[in-house]
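Position 170 of the sequence shown, counted from 1, bears residue number 280 in this note's numbering, the numbering being contiguous throughout. Glycine included, every Cβ here is placed at the ideal spot set by N, Cα and C. Contents: one structure, followed by commentary.
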Amino acid sequence: MELGKGSIWIIDFGSQYTQLITRRSRELGYSCSIFTVEKTIEKIKNGQKPNAIILSGGPQSVFEDTTDYKPIFDLEVPTLGVCYGMQIISQYFGGVVKRGTQGEYGKAKIHFQNNFNINQVPASSNVWMSHFDHVKKVPCDFTTIIKSENGLIAGIENLKKSILAYQFHPEVNHTEFGKELLNHFFTDVANLSQDWDDNIMLDNCTKEVEAIGDEYVLCAFSGGVDSLVAATLSQRVLGDKLYCFFVDNGLLRPQDYDHINLLKKETSLNIEIINAKDEFLSNLAGYTEPEKKRKIIGTTFIDIFEKKVKEFEKNHAITFTYLLQGTLYPDVIESVSPHKKGGKSVTIKSHHNVGGLPDRMNLKLLEPLKFLFKDEVRQMGMKLDLNTAWVHRHPFPGPGIGVRVLGELTEDNIRKVQQSDQILFEELVEQNLYDSAWQAFTVLLPVKTVGVKGDARAYEEVICLRIVNSTDGMTATWTPMSHGFLSSVSRRITNEVKGITRVVYDITSKPPGTIEWE
Ligand code: XMP
């Protein structure tokens with residue numbers, strides 16, 4: 111099986127859970143890829159055919175949907191409809207979908223009907239619903255297999271056609287037997303063979319690297335899990351033809367310097383550390399506007415990287431052909447935006463760290479992880495025998511603490527974030543809490559407040575602690591840390607970091623706040 115050409119096609123109608131269906135399906139051992147409905151129809155016209163199709167949920171109403179689904183259903187492959195997908199199936203095969211007057215949102219109880227049963231799943235359980243319209247009458251040849259507590263049709267099946275549909279979301283954690291309900295489709299309805307596990311994943315990523323042939327490859331290396339896994343697996347194929355360039359932009363935390371030095375010592379990667387702190391700080395001097403700061407950090411990175419690489423190529427008499435990046439699947443999925451009014455719009459998230467480099471430097475891209483989710487990259491890291499702590503590091507943004515020092519980036523402001531971040535990091539590790547948060551960091555707020563230190567009046571700045579839980583950074587909730595933890599971090603920061611008299615805790619989720627402050 112070729113990676114990214116997954117045997118199951120998941121058609122994205124804009125549900126916030128589409129990626130979750132993909133992840134759950136892979137966890138159950140089935141390879142799958144996400145496509146828009148337009149792309150699916152184009153692929154079918156080009157003669158391609160999956161082993162099965164999953165129609166995702168989505169915010170639209172079938173009453174406004176003008177898509178002709180004939181090419182999809184004419185394939186006659188096993189099909190699962192989830193939420194909106196169930197309504198498409200019902201409408202297409204002659205059932206009746208009723209426009210909603212009152213939706214079902216959140217937790218709901220379901221009951222199996224008509225002798226329907228799944229091994230190890232009780233006949234009544236709790237699921238997650240999120241729909242407005244509902245199926246009023248099932249198409250002929252279909253059976254109602256599940257109803258919700260308030261009598262609405264919550265599941266239908268046509269085993270002759272190998273079609274199953276759920277009105278609720280089996281992929282979300284709130285659905286009690288979600289995995290079993292999803293697996294019912296793969297095993298009992300579609301009769302598929304498993305084709306996805308760690309070994310297949312690693313083999314496929316390795317093949318991507320093997321395919322480039324005998325070329326020199328340059329990695330823009332941050333030391334984060336994505337670039338580390340991409341570099342480690344590539345080095346197994348490329349050996350000394352892979353070079354990792356790590357740019358020290360002066361916007362790193364103490365833990366990042368320790369980490370890169372450790373990787374240099376304990377791995378066999380060719381890591382070149384480029385000290386460019388002065389260039390970054392002088393280019394950033396005087397700027398306070400967040401977007402401007404990001405742009406300067408981005409262009410300075412490209413300028414320095416390009417210059418150093420040219421020098422390196424000259425000194426070593428080699429030419430790099432490829433740029434290795436740790437791009438992940440969520441960065442490349444052509445997806446339907448659930449946020450855009452009127453429904454379907456194609457959004458492709460761009461990789462904001464090294465964007466612009468390949469064009470400028472005439473390099474081809476090597477992205478062996480581009481069909482994997484973050485959890486899968488971590489799994490691969492473990493499979494490659496990388497140290498657990500390296501594989502489970504919190505994400506760190508490309509512009510570093512440049513987006514955590516609000517306002518101007520002076521050496522003194524950077525120091526305040528570096529020292530406070532180190533205290534937070536040490537306390538999290540010490541109290542065994544590092545792995546319980548998705549991201550934890552400190553931000554310097556450019557406001558002065560009055561305090562009293564010793565017997566003297568202090569008029570100094572504020573550090574904000576930001577600790578969040580998330581699965582992909584797209585949404586996040588603030589983490590309720592214990593008062594004891596917060597108070598020890600606050601005490602240490604106000605005592606140990608010169609220029610800080612006050613510590614506050616950010617209790618904003620995303621949305622509406624973003625994770626970073628700039
Ligand atoms: P926001 O602040 O948008 O961040 O809620 C979501 C996640 O992305 C990280 N982030 C970045 N990562 N380059 C990166 O590599 C960036 O420019 C960047 N901006 C934000 C952020 O740390 C969080 O994990």
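Checking the 6 angstroms criterion, the Cβ of P505 is within range of a heavy atom belonging to the ligand XMP. Shown here, F430 sits in a strand according to DSSP, grouped into three states.
In this structure, I164 keeps its C-beta atom at 7 angstroms or more from the C-beta atom of I144. For the 7 angstroms CB-CB criterion, C315 and P478 form a contact. The segment 194-203 and the segment 160-175 touch, with three or more beta-carbon pairs separated by less than 8 angstroms. Proximity to C329 across F390, S135, L475, V553 peaks at L475, based on C-alpha coordinates. A straight line joining the alpha-carbon of N385 with that of I228 spans about 60 angstroms.
By the C-beta density criterion, L519 is buried, having at least 16 other C-beta atoms within 10 angstroms. Here V357 is buried: its Cβ has 16 or more other Cβ atoms, across all protein chains shown, within 10 Å. If you ignore the 5 residues before and after I603, its C-beta comes within less than 7 angstroms of the C-beta of S530, I533, I573, I610, V613, all in its own chain and listed in chain order.
Beta-bridge pairing by DSSP links Y202 to no other residue. The alpha carbon of T581 has as its nearest neighbour, out of K257, T552, A547, K563, the alpha carbon of A547. Nearest Cα to I443 within the set V501, F483, Q277: F483.
Per DSSP, R363 lies in no beta strand (DSSP E) and is assigned neither H nor E. One alpha carbon belongs to V347, the other to D495, and they sit about 16 angstroms apart. Counting along the chain, the unbroken beta strand (DSSP E) around N579 starts and ends at 566-579.
Going by DSSP, M492 is part of no beta strand (DSSP E) but of the alpha helix (DSSP H) stretching over 484-493. Residue pairing by DSSP puts D358 in a beta bridge opposite N385. Cβ neighbours of V147 within its own chain (closer than 6 angstroms, five residues either side excluded): I121, T177. S135 is positioned such that its CB atom lies no closer than 7 angstroms to that of D305. With 16 or more other Cβ atoms from the protein chains shown falling within 10 Å of its own Cβ, Y439 counts as buried. E399 has its Cβ no nearer than 6 angstroms to any heavy atom of the ligand XMP. Comparing alpha carbon positions, the residue from T342, L362, H294 closest to P509 is L362. Classified as buried, I414 has 16 or more neighbouring CB atoms from the shown chains inside 10 Å of its CB.
The Cβ-Cβ distance between F226 and I266 does not fall below 7 angstroms. Under the three-state reduction of DSSP output, Q549 falls in the strand class.
Close CB contacts of K563 within its chain, under the 7 angstroms cut and outside five residues either way in sequence, are with T611 (chain order). Rounded to whole angstroms, the gap between the alpha carbons of R503 and P590 is 20 angstroms. In the structure shown, A395 falls within a coil segment according to DSSP collapsed to helix, strand and coil. In the same chain as T559, and ignoring 5 residues on each side of it, the C-beta atoms closer than 8 angstroms to its own belong to Y569, E570, E571, V572, T611, R612, in chain order. Residues of the same chain with a CB within less than 7 angstroms of the CB of F430, apart from the 5 flanking positions on each side, are Y326, V327, L328, V419, E423, L473 in chain order.
Straight-line measurement puts the Cα of K608 at about 12 angstroms from the Cα of L554.
With distances taken between CA atoms, K246 lies nearest to V206 out of E214, Y276, T211, V206. DSSP places I322 in the coil class of the three-state scheme, outside both helix and strand. Taking the CA atoms as reference points, A162 sits about 25 angstroms from V487. Of the residues Y544, A550, A275, the one whose Cα lies closest to the Cα of Q528 is A550.
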